[in-house]
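Notes follow once the structure below has been shown.
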Amino acid sequence: MPDTDLLILGAGASGLLCALTAARLGRRVVVVDHGREPGAKVKIAGGGRANVTNTSVGPENYLSENPRFCASALARFGTAEAVDLVRSCGLALEEREAGRLFLREPGAELVAALVRACTSLGVSFLLGREVRSACREGAGFRVETSAGAARAGRLAVALGGPAWAACGATDAGYALAKDFGLTIVAPRPGLVPFSMPKGWEFAALTGISLPVRIGCGRAVFSDQLLFTHRGLSGPAALQISSYWRPGQEIAVDLLPGQDLEAELAAVTRGGLKVKNLLAGLLPARLPALLLGPEACELPVAGLGAARRREVAARIHAWRIVPAGTLGLARAEVTLGGVDTRAVSSRTMEASGVPGLFFCGEVLDVAGWLGGYNLHWAFASGAAAGSAP
Ligand SMILES: Cc1cc2nc3c(=O)[nH]c(=O)nc-3n(C[C@H](O)[C@H](O)[C@H](O)COP(=O)(O)OP(=O)(O)OC[C@H]3O[C@@H](n4cnc5c(N)ncnc54)[C@H](O)[C@@H]3O)c2cc1C
31 MPDTDLLILG AGASGLLCAL TAARLGRRVV VVDHGREPGA KVKIAGGGRA
81 NVTNTSVGPE NYLSENPRFC ASALARFGTA EAVDLVRSCG LALEEREAGR
131 LFLREPGAEL VAALVRACTS LGVSFLLGRE VRSACREGAG FRVETSAGAA
181 RAGRLAVALG GPAWAACGAT DAGYALAKDF GLTIVAPRPG LVPFSMPKGW
231 EFAALTGISL PVRIGCGRAV FSDQLLFTHR GLSGPAALQI SSYWRPGQEI
281 AVDLLPGQDL EAELAAVTRG GLKVKNLLAG LLPARLPALL LGPEACELPV
331 AGLGAARRRE VAARIHAWRI VPAGTLGLAR AEVTLGGVDT RAVSSRTMEA
381 SGVPGLFFCG EVLDVAGWLG GYNLHWAFAS GAAAGSAP
């Protein structure tokens, strides 16, 4: 006899939305998490005020081996639904650059409101319980936890991915999926800072940030780039890191939207040096590191066409090969996960295992920076929770 209709493993953003949606449909729901409190990642997301969604959300904002998989859930739970969710919790949003919608209040308030809404509909939370394994039992499921077994007619795996383990993230969802015969797209860090070789000279610019256009392969983003003592961070580096593979080159335009070659050519007389012209355009010390001190001292008016092209290329197409990334421990998202080719895009149910659902980051769907990952957690959680 199952203890409940739906047992949800994981009380993160996707588990909470799955619980709320199913409870609204009258289902008896129990949520298990090894954390002492639900929603650990929502609380730290966006520096404490989570970037919960974006004014524009579509499959093009996600990475997956199965790129159209997320379309159905996103079509049913778009920006308007995410905004309604936040407002229904009595919270407000503010729009920042690139359509990013951030909470005005701390993320902890969103978590508290979602938990209240769930509990008022009868959802039970079993916290501080580690999920160890799960198997079929009769027509339902049996889950072993660190505090005994739990049974349910349906099981939703919302255990997230292993990125940022400091807040309780594990790969337990993958182990469970494999036990039920699903395959895993190899996990790797996404939205993660780059590390550069020891002694990298640009480390002298630590703390300096500037707008850039950054590209790797066919992916291109325009955003802020931050120099750190380890390498490169900031939104531009995080975005492109999701597309980067070890050994690949990254191209950075440090003066996006400008034509430095034309600006150099426009100086036809006088003693203005390259470093003086660039001083108004780039952070101090960056031109010397990019061009070398000698080139910086040259008078602009005396540069030939070839030299102008060379100087402009160094700045518009700065090429770097990162040594690596800071890894899953500092990644905001896990790329890869449960292979969605064996999961229904409408209900999130595993094709070969009726009653078994997956939602959120545990699936092989990872979003860009900009509210897309929490949005996916909400959208896929709502899809799983409303499955007929
Ligand atoms: C620092 C940081 C900042 C971020 N900022 C943003 C942002 O501003 N906007 C955005 O869209 N995204 C952001 N993200 C990403 C986003 O938070 C996640 O993609 C999203 O929360 C995933 O939700 P989820 O429910 O799928 O998984 P999770 O939130 O990871 O939930 C999984 C739950 O499962 C539990 N669990 C794991 N293993 C076990 C186990 N063995 N037994 C029991 N319980 C277990 C965990 O405790 C956790 O509560 C950020 C991530 C990080 C790390």
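Residue numbers (the working numbering): 31 to 418. From the three backbone atoms N, C-alpha and C, an ideal C-beta is built for every residue, glycine too.
Proximity of residue i and residue j at Cβ, strictly below 8 Å
i: V173; j: V392; result: no
i: T51; j: T85; result: no
i: A413; j: T355; result: no
i: L123; j: F132; result: yes
i: G390; j: S44; result: yes
i: L104; j: V116; result: no
i: L294; j: A216; result: no
i: F257; j: I280; result: no
i: D35; j: V59; result: yes
i: G191; j: T370; result: no
i: S163; j: D201; result: no
i: G152; j: A80; result: no
i: G42; j: A407; result: yes
i: L268; j: L221; result: yes
i: S304; j: W348; result: At residue 304 the sequence reads Val, which differs from the Ser that was named. No, the pair does not count as a contact, with Cβ atoms beyond the cut-off.
i: G65; j: G198; result: yes
i: L319; j: E231; result: yes
i: G40; j: I214; result: no
i: G411; j: C48; result: yes
i: R339; j: E291; result: yes
i: Q254; j: A266; result: yes
i: A138; j: V368; result: no
i: I302; j: P329; result: Going by the sequence as given, residue 302 is Leu instead of Ile. Result yes, Cβ atoms of L302 and P329 sit closer than 8 Å.
i: F107; j: A409; result: yes
i: C326; j: P317; result: yes
i: R166; j: A177; result: no
Cβ-heavy atom distance, residue i to ligand 1, below 7 Å
i: I74; result: yes
i: Y92; result: no
i: F64; result: One point to set straight first is that residue 64 is His, not Phe, in the sequence displayed. Yes; taking the cut-off as 7 Å, the Cβ of H64 has a heavy atom of ligand 1 nearer than that.
i: V222; result: no
i: S154; result: no
i: E429; result: Residue 429 lies beyond the range of the chain shown here (31 to 418); nothing can be said about it.
i: S272; result: no
i: A407; result: yes
i: V392; result: yes
i: E291; result: no
i: G190; result: yes
i: K305; result: no
i: A202; result: yes
i: E160; result: yes
i: V351; result: no
i: G198; result: yes
i: V87; result: no
i: E362; result: yes
8 Å contact criterion, which residue i and residue j should meet: CB distance rounded
i: T83; j: G401; result: 5 Å
i: A353; j: S225; result: 5 Å
i: C100; j: V395; result: 5 Å
i: L185; j: F171; result: 4 Å
i: H346; j: L307; result: Not really, about 15 Å apart at Cβ, beyond 8 Å.
i: E135; j: L121; result: 5 Å
i: A75; j: L404; result: 6 Å
i: G69; j: L93; result: Contact doesn't hold; Cβ gap of about 24 Å is too wide.
i: S375; j: S102; result: 4 Å
Identity of the residue in the options nearest residue i by Cα
i: P418; options: L268, G40, G78, R57; result: R57
i: V373; options: A179, D63, R98; result: R98
i: V62; options: R181, A75, A233, P323; result: R181
i: L157; options: T175, I350, W398; result: T175
i: F388; options: A361, E362, S416; result: S416
i: G287; options: A249, P313, P241; result: P241
i: K73; options: A147, A196, C48; result: A196
i: A359; options: P223, G301, R315; result: P223
i: P219; options: G301, R106, W398; result: W398
i: Y273; options: A143, G69, G245, V145; result: G245
i: R299; options: A325, G69, G334; result: G334
i: I38; options: N403, N96, G129, S154; result: S154
i: V297; options: L311, I270, R315, A331; result: A331
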